[in-house]
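A.B. asks:
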Amino acid sequence: AGDPLITEVQEWASATGEGVDATPYGLPIEYESDVVRRNVEWLTADTISSINFTPIHALDGTITPQGCAFERHHSGAIELKKEDYRLMINGLVDQPLVFTYEDLERFPRENRVYFCECAANTGMEWAGAQLNGAQFTHGMIHNMEYSGISLRSLLEEAGLGAAGDLKDKWVYVEGADASSNGRSIPMEKALDDVLVAFKANGEALRKEHGYPVRLVVPGWEGNMWIKWLRRIEVTDQAIESREETSKYTDTLEDGTSRKWTWVMDAKSVVTSPSPQSPIKHGKGPLVITGLAWSGRGAITGVDVSVDGGKNWMPARLGAPGTDKALTRFYLDYNWQGEEMFLQARAKDSSGYVQPSKSELREVRGLNSIYHNNCIQTWWVKANGEAENVEVS
Amino acid sequence: EKMGLGRTALPEEVAAWDLDVAPDGTGLPVGSGDALVGEEVFAEACAICHGDFAEGVDNWPKLAGGADTLDHDDPLKTVGSYWPYLSTTWDYVNRSMPFGNAQSLTPDEVYAIVAYILYSNDLIEDDFVLSNETFLDVEMPNAGGFILDDRETSEAHFWKAEPCMADCKDTVEITMRAAVLDVTPDEEGAEEAAAPAAAEAAVVAEAAAPAEEAAPVVEEPVAVAAIDADLAKKGEKVFKKCKACHQVGEKAKNKTGPVLNGIINRNIASVDGFKYSKPMKALGEEGKTWTPEEMAAFLTKPKKYLKGTKMSFAGLKKEKDIAAVTEYLKTFQE
Chain W
1122 AGDPLITEVQ EWASATGEGV DATPYGLPIE YESDVVRRNV EWLTADTISS INFTPIHALD
1182 GTITPQGCAF ERHHSGAIEL KKEDYRLMIN GLVDQPLVFT YEDLERFPRE NRVYFCECAA
1242 NTGMEWAGAQ LNGAQFTHGM IHNMEYSGIS LRSLLEEAGL GAAGDLKDKW VYVEGADASS
1302 NGRSIPMEKA LDDVLVAFKA NGEALRKEHG YPVRLVVPGW EGNMWIKWLR RIEVTDQAIE
1362 SREETSKYTD TLEDGTSRKW TWVMDAKSVV TSPSPQSPIK HGKGPLVITG LAWSGRGAIT
1422 GVDVSVDGGK NWMPARLGAP GTDKALTRFY LDYNWQGEEM FLQARAKDSS GYVQPSKSEL
1482 REVRGLNSIY HNNCIQTWWV KANGEAENVE VS
Chain P
8 EKMGLGRTAL PEEVAAWDLD VAPDGTGLPV GSGDALVGEE VFAEACAICH GDFAEGVDNW
68 PKLAGGADTL DHDDPLKTVG SYWPYLSTTW DYVNRSMPFG NAQSLTPDEV YAIVAYILYS
128 NDLIEDDFVL SNETFLDVEM PNAGGFILDD RETSEAHFWK AEPCMADCKD TVEITMRAAV
188 LDVTPDEEGA EEAAAPAAAE AAVVAEAAAP AEEAAPVVEE PVAVAAIDAD LAKKGEKVFK
248 KCKACHQVGE KAKNKTGPVL NGIINRNIAS VDGFKYSKPM KALGEEGKTW TPEEMAAFLT
308 KPKKYLKGTK MSFAGLKKEK DIAAVTEYLK TFQE
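Quick mapping for you: the protein sequence lines, in order, are chains W and P.
Going by our numbering, the first residue of the first sequence is number 1122, and it counts up by one from there.
Going by our numbering, the first residue of the second sequence is number 8, and it counts up by one from there.
1. Please name the residues in the stretch 9-41 of chain P whose beta-carbon is closer than 9 Å to at least one beta-carbon of chain W, in chain order.
2. According to the Cβ coordinates, are P/R14 and W/L1275 closer than 9 Å?
3. Run the CB neighbour count on W/E1223, radius 10 Å, all protein chains shown included, and call it buried at 16 or more, exposed below.
4. Assuming W/T1392 and W/I1184 make a contact with CB atoms under 8 Å, what is their CB distance in whole Å?
5. Can you look up W/E1226 in the DSSP assignment and give me helix, strand or coil?
6. Taking W/F1236 as part of the beta strand (DSSP E), name the residues at either end of that continuous run.
7. Anything in chain P within Cβ reach of W/K1380, meaning under 8 Å, just list it in chain order.
8. Looking at chain W, which residues of the stretch 47-67 of chain P have a Cβ within less than 7 Å of any of its Cβ atoms?
9. Going by other Cβ atoms of all chains shown within 10 Å of its Cβ, with 16 needed for buried, is W/Y1146 buried or exposed?
10. Closer than 9 Å, CB to CB, is W/T1356 near chain P or not?
11. Whose C-beta lies closer than 7 Å to the C-beta of P/F153 among residues of the same chain, with five residues either side of it excluded?
12. Cutting at 7 Å between CB atoms, please list the residues of its own chain near P/P203, excluding the five before and the five after it.
13. With a 10 Å radius around its C-beta and 16 neighbouring C-beta atoms as the bar for buried, classify W/G1343 as buried or exposed.
14. Give a yes or no on contact between the stretch 29-49 of chain P and the stretch 1226-1242 of chain W, applying the rule of three or more CB pairs nearer than 8 Å.
15. Taking 8 Å as the line, does the beta carbon of W/Q1497 fall inside it for any heavy atom of the ligand SAH?
16. Which one of W/R1207, W/K1380, W/K1202, W/F1174 has the shortest CA to CA distance from W/H1194?
17. Suppose the cutoff is 7 Å on Cβ atoms and the five residues either side in sequence are ignored; what does the same chain contact list for P/M147 look like?
18. List, in chain order, every chain P residue whose beta-carbon is nearer than 9 Å to that of W/E1266.
19. Tell me the DSSP secondary structure of P/G291 in three-state form.
20. Below 8 Å CB to CB, which residues in the same chain sit around W/F1191 once its five sequence neighbours on both sides are set aside?
21. Over the uninterrupted beta strand (DSSP E) stretch that includes W/D1424, give me the two end residues.
22. Measuring alpha carbon to alpha carbon, tell me which of W/E1480, W/R1351, W/Q1457 ends up nearest P/E20.
23. Just to confirm, are W/S1105 and W/Y1369 a CB contact at a threshold of 9 Å?
24. For chain W, check one thing: does any of its Cβ atoms lie closer than 9 Å to the Cβ of P/K324?
25. With 9 Å set as the bound, which would you pick, yes or no: does the beta-carbon of W/V1501 sit closer than that to a beta-carbon of chain P?
26. Consult DSSP for P/P217 and reduce its assignment to one of helix, strand or coil.
27. Anything in chain P within Cβ reach of W/R1114, meaning under 9 Å, just list it in chain order.
28. Going by DSSP, what residue range makes up the alpha helix (DSSP H) through W/W1383?
29. Step through the CB atoms of chain P and report whether any lies within less than 9 Å of the CB of W/W1383.
30. Since W/E1516 meets chain P, which of its residues come closer than 7 Å, beta carbon to beta carbon?
31. What do you get for P/L143, buried or exposed, if any count of 16 or more other CB atoms within 10 angstroms of its CB means buried?
32. Give a yes or no on whether 9 Å exceeds the smallest Cβ distance from P/P217 to chain W.
Have a look at this one:
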C-alpha cells in the first residue's frame, strides 16, 4: 500500500491555513519549539546574573537568529526605551558629548558579520568532560550581522587631540544596567574595528542583547561587548574593573593569572551528530557538520577526524571563511554503523591550529576557566547516539 | 571632519555618570569608614547573599578567605586572595551593589563596607579608617599575581600551520565520559530529540503569562475581590525591583527572599522552607497577616517597619507603586 500521506487527501491539502494577519511578528512553527536557549541551573546563584546557551546543535548556516542567541547578564536584561537612551563620551576628549539614539543614526553606517563568544564558553570542560551536548559545551556563542557606526567616528566627533599620544590611551566603556559591566579597551582596538551597533540581522537588537545600542568588539571576548552602552571614557590607564580583574582573567597552574586575554583563539565543534543531535537514519550517507571561528582572522580550513585524532580529513567549508565570523563546515561521510570518536580542528589565517585538550592543559593547567578552545570529542555509538568524552 | 552631532555634556551630567575608580585612586570621592561601622552596613545590605562574615551564601560569591589557594585545584578567588586592586572593590560596591538596589549607598557606607571586607580578609586592623586619603596604604596580597597575555609566546607552538593529517597517534582510549558525571540538565539529550512533544509542553508552560494564570483565580468560588488588571499590569513593572530576590508563579522557588505566591492576606513568615529573620518570625507568631495595609507599611520603608528584617530593600517611594505591586501579587494565589 502506498504512503497514506500521499495516497490520502490530507487536511492541509484541503482546508485553508492561517491568514496574513494571524502573526504580525512570527515565532518559529510549533514543531521547532525544542530549538530554544537553555541554561544550566547549578552554574550560577540566580538566573538574573547568569548565562544561557544557543541551541547550536539544531541550527545550520552561520547566522544565529536573535531569538535563540545566548544571553549573559550580570544584573538582568533591562528595558531601555530609545527615547530614554543617552550615550556620553567624556574623559580625555576635546569636547565631552551626549548623543541621543537619533544622533547615532545620523553617522555613516556599516554592516558587518561577527561572532560573539563568551570567554567562558567550554569553560566547564577544563577539568574533564562534563556536559552532554554541543549547546552546553559550545553554545555561549552567536554570530550576527550588525548594522551600526564605528566607535572611531564617535571618538573623532568628540576629538582626540586632548588625549595626546594615542599609543598608551584606553577607552573605558560601560552599560546602563545596574552591573554597568565596565571594561577597558586599548585605543588601538577602539580605533580599529569596534562598532556601536543598533541592529542585528536587520532588526533592532533584542532586549537581552542590549537594546537599543550595544558595543561590538570583533574577535574579542563577549564580556567586552557592552550592552545598553551608555558611556565611553577616554583614559590614560586601564580602569581594572571587576570584569577585568576578578573575572575574565585566566589562572595558570602556578597560581599566577593572565590578564588582558581579550582575543578568542581559533576553535571549532561538530554540531551534528552530537549528543543532542544523534544519528537516526541508520547506515549510509551522513552529513557531519559544525562551526569554526577565530578572533585572530578568518578560518582557512577545518579538519575532521572520526577516529579520535589519529587521522584527519579536510572538511568542506559552506562558504569561504571571513574575518572574526562563524564558518560552517561539512564532511559528507558514508557511515557504516561503526563507532566514531568525532573531532574537528580549526585553522586560521594567522597560522594558528586549534590545540587538543592535553596541549592546552600542558600550558595552562586546569584552573583557567576562560578561553578553553580545545578540540572536542563526541563518541558516536553504533546506535547513532553520541556522548561527550575525552580520549587519550 | 566633524559631523556636528550630539551636544556638550554638562559637568553635572559627567559627574553623575563618571563614577569609575582607577587603581591609583583616580575618581575616589571624599569619605571614610571603618570595619566596625562596615560590619553593621554589611549585615544590613550585603549579608543576605554574601553571609555575615563575607563567606558567601549558596552560590553567591565568597568575599573572604582563600589565601594561598591559587595554585591548588579549584582555587578560592576572593577580594583577599585574588583581587589585585582595592579600587576594583570600591568601584563595584559603589556602582553595582547591593544586587537589586544598586547605587543606593553613600560614599561613607561604601568605604565602611570595603573596610569590613578587608577586615574579613585579615588585611586591616579594626581601628583602620579607610578613606580617600588612606586608600593606597592598603596592600592587596595578589597585586603581583598577574601577567599580561603571553599566548603568542608561551603558546607559539600552536601556530603550526600544517598539522599532522595521518597516523598522528597510536592509540585512542576513552579517559573520561560526561555521562558518568551526569550534570547535564534533565530535559536534555537524545530522549528529547525523540520526544519533542514533551519539550514543547514545557516551553509552553514557561511562556504562560501571569495574566493568564490569574484568570482561573477570579472564577473560583472563593470570595476573592476582583483584580484590577490594569493596576496589576503596572505592578508587574514595579515587581522588577523585587525580582532579584523574590519569585512568583507556578515554578517559583524560595531564593534570597521567600516565594510570594498567595502572600496577600496570608500569615506573616509562613512560607515553607524559608529562613526568616527573628523579628519577622515573631510578627508571624503574633498572628499578624500581610493585609494590603500591612504590606504597604512594610514596603514603604522595610527597615523602619521591622528593625532586623533581612530584606535589604530601601522601599517604594510612591504609594501608587505599592498599590500596583500589591495588586500584581494578588494575581498569584496558591
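The beta carbon of each residue, even a glycine, is placed where N, CA and C say it ideally should be.
As the structure is a computational prediction, the values presented were derived from the model and not from experiment.
C.D. replies: Based on what the coordinates show:
1. K9, M10, G11, L12, G13, R14, T15, A16, L17, P18, E20, V21, W24, D25, L26, D27, V28, A29, P30, D31, T33, G34
2. Walking along the second sequence from the start, residue 14 of chain P turns up at place 7. Walking along the first sequence from the start, residue 1275 of chain W turns up at place 154. Contact: no.
3. Locating residue 1223 of chain W in the first sequence gives position 102, where the first residue counts as 1. The residue in question, W/E1223, is exposed, as its Cβ has fewer than 16 Cβ neighbours within 10 Å.
4. Locating residue 1392 of chain W in the first sequence gives position 271, counting from the first residue. Locating residue 1184 of chain W in the first sequence gives position 63, counting from the first residue. W/T1392 to W/I1184, Cβ: 14 Å. No contact.
5. Residue 1226 of chain W sits at position 105 when you count from the first residue of the first sequence. It is helical.
6. Position 115 of the first sequence, counted from the first residue, corresponds to residue 1236 of chain W. Its beta strand (DSSP E) spans residues 1231-1238.
7. If you number the first sequence from 1, residue 1380 of chain W lands on position 259. What W/K1380 touches in chain P: F153, I154, L155, D156.
8. D65, N66, W67
9. Taking the first sequence and counting its residues from 1, the one referred to as residue 1146 of chain W is at position 25. Result: exposed.
10. Stepping through the first sequence from its first residue, residue 1356 of chain W is reached at position 235. Cβ-Cβ to chain P under 9 Å: yes for W/T1356.
11. Reading the second sequence from its first residue, position 146 is the one you call residue 153 of chain P. Around P/F153: P91.
12. Taking the first residue of the second sequence as position 1, residue 203 of chain P is located at position 196. Legend: pLDDT at P/P203 = 34, less than 50; position of this residue unreliable, no value from coordinates given.
13. Here the question's residue 1343 of chain W lines up with position 222 in the first sequence. Buried, by the Cβ-count rule.
14. no
15. Of ligands this structure carries none, so the ligand SAH is not represented either.
16. Translated into positions along the first sequence, residue 1194 of chain W becomes position 73. The shortest C-alpha separation from W/H1194 is found at W/F1174.
17. For the purposes of this step, residue 147 of chain P is taken as residue 140 along the second sequence, with counting starting at 1. Around P/M147: W90, P91, Y92, L93.
18. As a working note, residue 1266 of chain W is residue 145 in the first sequence. Near W/E1266 there are no residues of chain P at all, since even the closest Cβ is about 24 Å away, more than 9 Å.
19. As a working mapping, residue 291 of chain P is identified with position 284 in the second sequence. Residue state, collapsed to three classes: helix.
20. The residue you call residue 1191 of chain W lines up with position 70 of the first sequence. Once the five neighbours on either side are set aside, the close Cβ partners of W/F1191 are R1158, I1172, N1173, F1174, T1175, C1239, G1260, M1261, I1262, H1263.
21. The residue labelled residue 1424 of chain W in the question sits at position 303 within the first sequence. Start and end: 1420-1426.
22. In the second sequence, the residue the question calls residue 20 of chain P occupies position 13. Closest option to P/E20, Cα to Cα, is W/R1351.
23. Within the shown structure, residues of chain W are numbered from 1122 to 1513, placing residue 1105 of chain W beyond reach of any answer.
24. Here the question's residue 324 of chain P lines up with position 317 in the second sequence. False, the Cβ-Cβ gap to chain W never drops below 9 Å.
25. Taking the first sequence and counting its residues from 1, the one referred to as residue 1501 of chain W is at position 380. Not one chain P Cβ lies under 9 Å of W/V1501.
26. Taking the first residue of the second sequence as 1, we reach residue 217 of chain P at position 210. Low local confidence applies: a pLDDT of 35 at P/P217 is under 50, so the model's placement there is unreliable, with the coordinate-based value given in what follows. Three-state result, P/P217: helix.
27. Here chain W covers residues 1122 to 1513 and nothing more, so residue 1114 of chain W does not appear.
28. If you number the first sequence from 1, residue 1383 of chain W lands on position 262. Where W/W1383 is concerned, there is no enclosing alpha helix (DSSP H), given that its DSSP letter is neither H nor E.
29. As a position in the first sequence, residue 1383 of chain W is number 262, starting the count at 1. W/W1383 counts as touching chain P.
30. Outside the modelled stretch of chain W, which goes from 1122 to 1513, sits residue 1516 of chain W, for which no answer is possible.
31. By one-based count along the second sequence, residue 143 of chain P stands at place 136. P/L143 should be labelled exposed.
32. Reading the second sequence from its first residue, position 210 is the one you call residue 217 of chain P. Confidence at P/P217 is low in this model, with a pLDDT of 35, below 50, so the placement of that residue should be treated as unreliable; the coordinate-derived value is given next. It does not; no Cβ of chain W falls within 9 Å.
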